[in-house]
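Remember, the working numbering sits 4 above the position in the sequence shown when you count from 1.
Glycine included, each C-beta is placed from N, C-alpha and C at the ideal position.
Everything numeric in this text was worked out from a predicted model, so none of it was measured.
As structure tokens, the structure follows; a few thoughts come after it.
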Amino acid sequence: DKENLNLIKIKKAIFLFKSGDEESITKTLNPIINSDSVWRYMAIELISDYFLSKNQNVKAKEYIQLLNNKIKE
């Protein structure tokens, strides 16, 4: 089902972290982030952690802000 596919995408993104291919990581995680998937928060945390690990704090903050906005709702 859809949620199992999203879980597979999460696992794929984790695998891609080693390669450091930002485009592939964002392309894999953004559809989950922009959905109402149960994996949405995990995808946001993963991509923000990825950007923090690359010292791309501005990009990380953009995703963290998404998470903070959703928690406030």
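(request) Give the DSSP-derived three-state secondary structure of V62 in the structure shown. (result) Translated into the one-based positions of the sequence shown, residue 62 becomes position 58. It is helical.
(request) Drop a sphere of 10 angstroms on the beta-carbon of L33, count the other beta-carbons inside from all chains shown, and report buried for 16 or more, exposed for fewer. (result) Position 29 of the sequence shown, counted from the first residue, corresponds to residue 33. When all chains shown are included, L33 counts as buried.
(message) Can you list, in chain order, the residues of its chain with a C-beta nearer than 7 Å to that of Y54? Leave out the 5 residues immediately preceding and following it.
(response) The sequence position of residue 54 within the sequence shown is 50, counting from 1. Excluding sequence neighbours, Y54 sits near F21 and I29.
(message) Alpha carbons only, please: which of N8, K6, V42 and I51 is nearest the one belonging to A17?
(response) Translated into positions along the sequence shown, residue 17 becomes position 13. Per the Cα distances, I51.
(request) Measure the alpha-carbon distance for K65 versus K58 and round it to whole angstroms. (result) Counted from its first residue, the sequence shown places residue 65 at position 61. Counted from its first residue, the sequence shown places residue 58 at position 54. Their backbone Cα atoms lie some 13 Å apart in a straight line.
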